[in-house]
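Chemist:
Residue numbers (our numbering): 457 to 736.
Right under this line is the structure:
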């Protein structure tokens, strides 16, 4: 960066989406070699002029062209190819401290997946186990069942003292579990088999009637969350179900082969592959 650019004056305008911290929408002439700390001092001085009752200085971060200002203003503009001849818009927003951990839930192996709902947390581990925790850090259960790392877990539904959740593993299966909250016991009631390779992710639909699984076989499969065999087996294969309380297989409702190497189910888009394909 040349010395001329570093010492030049720029016209800037400060904008913010936080109306309580808005300053007059006027251009200001500043040195191009200023840093975020200098801009912070300037914005606070402008705030003090418009709001004398403001007692404490506010810490701000600054964005130019949608990117955080970490260099000097001149270096940032040069790196982004922004002309110094035009008025530069600088967006600012209140800076908050980084989140600090309040508790640590210790496991015997790497944790691959976590899902929280209300007062309860599910975690899946590389030692093939699933764990249930309270949000206060109390370990409720360690659950065996899968034979390979558990890569995805999700709560499905809560009904009084009964909770249903799903898990997906590199053992190529997904499982539906019922947890009796009152007596702290859990049963695997449905095992879903249909993938040819390990599962990497799963997501439950908003109505909790279905869930999707994504696998390294490049398929996304949709499954019913019903605990009844009737809803998981095609009509031609239906027979009187045996309510033995044991795990039982269910057939895939539908599958979609993705062009992507790794499809994934998300709760944001319900079902979305990593290459942007979307199916409902």
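A virtual CB, placed ideally from N, CA and C, is assigned to each residue, including glycine.
On a CA-only basis, which of 471, 629, 567 and 620 is nearest residue 683? Give me that one, please.
Modeler: As a working note, residue 683 is residue 227 in the chain shown. Among 471, 629, 567 and 620, the Cα nearest to that of residue 683 is on 620.
Chemist: Residue 499 to residue 528, Cα distance in whole Å?
Modeler: As a first step, residue 499 must be located in the chain shown, where it is residue number 43. As a first step, residue 528 must be located in the chain shown, where it is residue number 72. Spanning the two alpha carbons is a distance of roughly 16 Å.
Chemist: Applying the 10 Å Cβ sphere with the 16-neighbour rule, what's the burial state of residue 607?
Modeler: Walking along the chain shown from the start, residue 607 turns up at place 151. Buried, since its Cβ has 16 or more Cβ neighbours within 10 Å.
Chemist: So what does DSSP say about residue 499, is it helix, strand or coil?
Modeler: Here residue 499 refers to the residue found at position 43 when the chain shown is read from its first residue. Three-state result, residue 499: helix.
Chemist: Determine the contact status of residue 643 and residue 602, defining contact as a CB-CB distance below 8 Å.
Modeler: Position 187 of the chain shown, counted from the start, is the residue given in the question as residue 643. Position 146 of the chain shown, counted from the start, is the residue given in the question as residue 602. No, they are not a contact pair.
Chemist: Can you check whether the CB of residue 586 is closer than 8 Å to the CB of residue 623?
Modeler: Residue 623 sits at position 167 when you count from the first residue of the chain shown. Residue 586 sits at position 130 when you count from the first residue of the chain shown. Yes.
Chemist: Tell me which residue opens and which closes the alpha helix (DSSP H) that residue 536 is part of.
Modeler: For the purposes of this step, residue 536 is taken as residue 80 along the chain shown, with counting starting at 1. Here the alpha helix (DSSP H) through residue 536 covers 529-536.
Chemist: Quick one: complete alpha helix (DSSP H) runs, 4+ long, within the segment 524-591?
Modeler: Taking only runs of at least 4 residues, the alpha helix (DSSP H) segments lying wholly in the segment 524-591 are 529-536.
Chemist: How many Å lie between residue 560 and residue 611 at the Cα?
Modeler: Counted from its first residue, the chain shown places residue 560 at position 104. Counted from its first residue, the chain shown places residue 611 at position 155. Residue 560 and residue 611: Cα-Cα distance of roughly 21 Å.
Chemist: Do residue 518 and residue 492 have their beta-carbon atoms positioned less than 8 Å apart in this structure?
Modeler: By one-based count along the chain shown, residue 492 stands at place 36. By one-based count along the chain shown, residue 518 stands at place 62. In contact: residue 492 and residue 518 (Cβ atoms closer than 8 Å).
Chemist: Terminal residues of the continuous beta strand (DSSP E) containing residue 467?
Modeler: Position 11 of the chain shown, counted from the first residue, corresponds to residue 467. Taken as a continuous stretch (DSSP letters only), the beta strand (DSSP E) holding residue 467 covers 465-471.
Chemist: Measure the C-alpha to C-alpha separation of residue 578 and residue 633 and round it to an integer number of angstroms.
Modeler: Residue 578 sits at position 122 when you count from the first residue of the chain shown. Residue 633 sits at position 177 when you count from the first residue of the chain shown. Roughly 12 Å between the two C-alpha positions.
Chemist: If you pair each beta-carbon of the segment 529-538 with each one of the segment 565-575, do three or more pairs fall below 8 Å?
Modeler: No: fewer than three Cβ pairs fall under 8 Å.
Chemist: By the 10 Å Cβ neighbour count, where 16 or more other Cβ atoms means buried, how is residue 497 classified, buried or exposed?
Modeler: As a working mapping, residue 497 is identified with position 41 in the chain shown. With fewer than 16 Cβ atoms within 10 Å of its Cβ, residue 497 is classed as exposed.
Chemist: Helix, strand or coil: which one does DSSP assign to residue 673?
Modeler: The count along the chain shown starts at 1 and reaches residue 673 at position 217. Residue state, collapsed to three classes: coil.
Chemist: Taking the CB atoms as reference points, tell me whether residue 469 and residue 545 lie closer together than 8 Å.
Modeler: Taking the chain shown and counting its residues from 1, one reaches residue 469 at position 13. Taking the chain shown and counting its residues from 1, one reaches residue 545 at position 89. Yes, Cβ-Cβ distance for residue 469 and residue 545 is below 8 Å.
Chemist: Closer than 8 Å by C-beta to residue 667: which residues in its own chain qualify, once you throw out the five before and the five after it? Chain order, please.
Modeler: Position 211 of the chain shown, counting from 1, holds the residue named residue 667. Here the set comprises 610, 612, 622, 630, 658, 659, 660, 661, 678, 679, 681 and 721.
Chemist: Three-state secondary structure (DSSP) at residue 622?
Modeler: Translated into the one-based positions of the chain shown, residue 622 becomes position 166. In the structure shown, residue 622 sits in a strand (DSSP, three-state: E or B).
Chemist: Under 8 Å, do residue 584 and residue 530 count as touching if we go by C-beta distance?
Modeler: Start at 1 with the first residue of the chain shown, and residue 584 comes out as number 128. Start at 1 with the first residue of the chain shown, and residue 530 comes out as number 74. Cβ distance not < 8 Å, so residue 584 and residue 530 don't count as in contact.
Chemist: Between which two residues does the beta strand (DSSP E) containing residue 612 stretch?
Modeler: Counting from 1 along the chain shown, the entry for residue 612 is found at position 156. From DSSP, the beta strand (DSSP E) with residue 612 extends over 606-615.
Chemist: Quick check on the burial criterion: 16 or more other C-beta atoms within 10 angstroms. Buried or exposed for residue 673?
Modeler: The count along the chain shown starts at 1 and reaches residue 673 at position 217. When all chains shown are included, residue 673 counts as buried.
Chemist: Taking only runs of the beta strand (DSSP E) that begin and end inside the segment 638-673, which ones reach a length of at least 3 residues, in chain order?
Modeler: With a minimum length of 3 residues, the continuous beta strand (DSSP E) runs that stay inside the segment 638-673 are 641-649, 655-660 and 666-671.
Chemist: Can you tell me whether residue 516 is buried or exposed, with buried defined as 16 or more other CB within 10 angstroms of its CB?
Modeler: Locating residue 516 in the chain shown gives position 60, where the first residue counts as 1. Residue 516 comes out buried.
Chemist: Out of 556, 542 and 596, state which residue places its alpha-carbon closest to the alpha-carbon of residue 563.
Modeler: For the purposes of this step, residue 563 is identified with residue 107 of the chain shown, where counting begins at 1. Per the Cα distances, 596.
Chemist: So what's residue 776 in DSSP terms, helix, strand or just coil?
Modeler: No answer is possible for residue 776: it lies beyond the span of the chain, which begins at 457 and ends at 736.
Chemist: Quick check: residue 636 and residue 618, are their CB atoms within less than 8 Å of each other?
Modeler: Translated into positions along the chain shown, residue 636 becomes position 180. Translated into positions along the chain shown, residue 618 becomes position 162. A contact, by the Cβ cut-off of 8 Å.
Chemist: With a CB to CB cut of under 8 Å and the five nearest residues on each side skipped, what residues in its chain are close to residue 671?
Modeler: Looking up residue 671 in the chain shown gives position 215. Counting only Cβ-Cβ distances below 8 Å, and skipping sequence neighbours, we find 628, 651, 652, 653, 654, 655, 656, 677 and 719.
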